[in-house]
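Heads up: the sequence shown at position 148 corresponds to 148 in the UniProt record's numbering, and the numbers run straight through without jumps.
As structure tokens, the structure follows; a few thoughts come after it.
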Amino acid sequence: MLLSENHITPINLSDVSQLDTLVEHKRIFNLKDCQLSIFETFHACENVFLSYNGLVVSSMMLGKKSMSIDGSKSFNFVPGESVIIPEGVSMKVDFPEADISHPVQCATLALDWDMVKKNIDYLNETYPNIEAPYLWELNFNRYHFQNNRELAGSVNKLISISMEDNSAKDALADLSLKFLLLRIIQTQNISLAEHDTKQLGERLTAVIEYIHQHLSQKITVDHLSKIACMSKPLFYKNFKQNFGISPIEFVLRQRIHLAKELLKNPLLTITDVCYQCGFNNLNYFSKQFKRIEGTTPTVWR
Numbered sequence: 001m002l003l004s005e006n007h008i009t010p011i012n013l014s015d016v017s018q019l020d021t022l023v024e025h026k027r028i029f030n031l032k033d034c035q036l037s038i039f040e041t042f043h044a045c046e047n048v049f050l051s052y053n054g055l056v057v058s059s060m061m062l063g064k065k066s067m068s069i070d071g072s073k074s075f076n077f078v079p080g081e082s083v084i085i086p087e088g089v090s091m092k093v094d095f096p097e098a099d100i101s102h103p104v105q106c107a108t109l110a111l112d113w114d115m116v117k118k119n120i121d122y123l124n125e126t127y128p129n130i131e132a133p134y135l136w137e138l139n140f141n142r143y144h145f146q147n148n149r150e151l152a153g154s155v156n157k158l159i160s161i162s163m164e165d166n167s168a169k170d171a172l173a174d175l176s177l178k179f180l181l182l183r184i185i186q187t188q189n190i191s192l193a194e195h196d197t198k199q200l201g202e203r204l205t206a207v208i209e210y211i212h213q214h215l216s217q218k219i220t221v222d223h224l225s226k227i228a229c230m231s232k233p234l235f236y237k238n239f240k241q242n243f244g245i246s247p248i249e250f251v252l253r254q255r256i257h258l259a260k261e262l263l264k265n266p267l268l269t270i271t272d273v274c275y276q277c278g279f280n281n282l283n284y285f286s287k288q289f290k291r292i293e294g295t296t297p298t299v300w301r
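Printed below as a string of structure tokens:
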């Protein structure tokens, strides 16, 4: 199975015949400031309640859950997505489709809260943001979000380190946790850029709105930097610092997002969608779609 670049890589499933429960069977891997739990469910059920100490970062690997955070409206939680949950907040989880043939697997990282705060303070002191939203901080109002390649890579790396038999893994994990926290904040900033630009400040808001309104046209970094009233190098640096990706990569991902919406229209051909999203080469469009989504436009449709 080809995974899209925003998916967390599943690990080998447990032997069902050896388990004492088929609901949220847990394998635990302990590190100095972090505990990794791999949860597996092989039986449909509902109203499973969970809560943790510290910051929780949970990423789906296989299957589907329905989750509700602290009594909020429930949402589907599927591979390619993550949630962050502050200390002491409860989760209600349902597994409507889980069975032996369709297992659910989820990676949950519980991070020491003092370590989290210390690392975010370090980011703000050492790498201050010169543009809104200015502060590096976790946004718990946007707790459910799509992964991207950068965030998925950080989670996959930390899972790999946690499962290693390596005397230096605490040191490796310490570095990886810093990367992970930064990637989460940058991924949340991308989500703001897609849904709530007013929190990004006037210059970045103007750039993002221009991109969204001109996806079918040619977009250059030179023009975006003029909209932001910045030099090209400063704009590029500022954009990548806030979002973790380059302006052109952001444009590309927005075009693929638009393509997925247009592909729902049966009256449009793949070629129609390609050109309406600003691509001028069908092969390149298909290649980038497959890189990001893990499948071709034809199969996705």
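Virtual Cβ for every residue (Gly too), placed ideally from N, Cα, C.
Quick caveat, the model's predicted, so the values are computed rather than measured.
Go to residue i, then tell me how far its alpha helix (DSSP H) extends in each direction, as first and last residue.
{"i": "glutamate 209", "result": "202-213"}
{"i": "lysine 260", "result": "247-262"}
{"i": "isoleucine 227", "result": "221-227"}
{"i": "valine 299", "result": "297-300"}
{"i": "serine 216", "result": "Per DSSP, serine 216 belongs to no alpha helix (DSSP H) and is neither H nor E."}
{"i": "isoleucine 292", "result": "282-293"}
{"i": "aspartate 233", "result": "Before going on, a small fix: residue 233 reads as proline here, not aspartate. Segment 232-243, the alpha helix (DSSP H) holding proline 233."}
Hey, residue i and residue j: beta-carbon distance below 8 Å or not?
{"i": "asparagine 76", "j": "lysine 64", "result": "yes"}
{"i": "lysine 111", "j": "glycine 54", "result": "Strictly speaking, residue 111 in this sequence is leucine, with lysine absent from that position. It is a contact, given that the beta carbons lie within the stated cut-off."}
{"i": "glutamate 150", "j": "arginine 183", "result": "yes"}
{"i": "phenylalanine 42", "j": "proline 103", "result": "yes"}
{"i": "leucine 262", "j": "valine 251", "result": "no"}
{"i": "serine 59", "j": "serine 82", "result": "yes"}
{"i": "isoleucine 227", "j": "alanine 206", "result": "yes"}
{"i": "arginine 27", "j": "glutamate 131", "result": "no"}
{"i": "leucine 123", "j": "cysteine 34", "result": "no"}
{"i": "serine 4", "j": "isoleucine 270", "result": "no"}
{"i": "isoleucine 256", "j": "glutamine 288", "result": "yes"}
{"i": "aspartate 94", "j": "serine 72", "result": "no"}
{"i": "alanine 98", "j": "valine 155", "result": "no"}
{"i": "leucine 181", "j": "asparagine 265", "result": "no"}
For the beta strand (DSSP E) holding residue i, just list the boundary residues, first then last.
{"i": "threonine 41", "result": "34-41"}
{"i": "serine 59", "result": "55-62"}
{"i": "valine 83", "result": "81-85"}
Going by the DSSP bridge assignment, what does residue i pair with across the sheet?
{"i": "valine 93", "result": "Val48, Met67"}
{"i": "histidine 25", "result": "Glu40"}
{"i": "isoleucine 270", "result": "In DSSP, isoleucine 270 forms no bridge with anything."}
{"i": "asparagine 76", "result": "Ser66"}
{"i": "asparagine 30", "result": "Gln35"}
Within 8 Å, do at least three Cβ pairs link the stretch 139-151 to the stretch 47-54? no
Is the number of C-beta pairs between the stretch 219-236 and the stretch 164-176 that are closer than 8 Å three or more? no
Within the chosen definition, does the stretch 118-133 reach the stretch 70-90 through at least 3 CB pairs nearer than 8 Å? no
Are the stretch 265-284 and the stretch 216-230 in contact at 8 Å, needing three or more beta carbon pairs? yes
I'd like the ranges of any beta strand (DSSP E) spanning at least 3 consecutive residues and lying wholly in the stretch 97-178. 104-111, 144-146
Closer than 8 Å is the cut-off here; do at least three beta carbon pairs connect the stretch 151-168 with the stretch 30-43? yes
Hey, is the stretch 238-246 in contact with the stretch 187-206, meaning 3+ C-beta pairs nearer than 8 Å? yes
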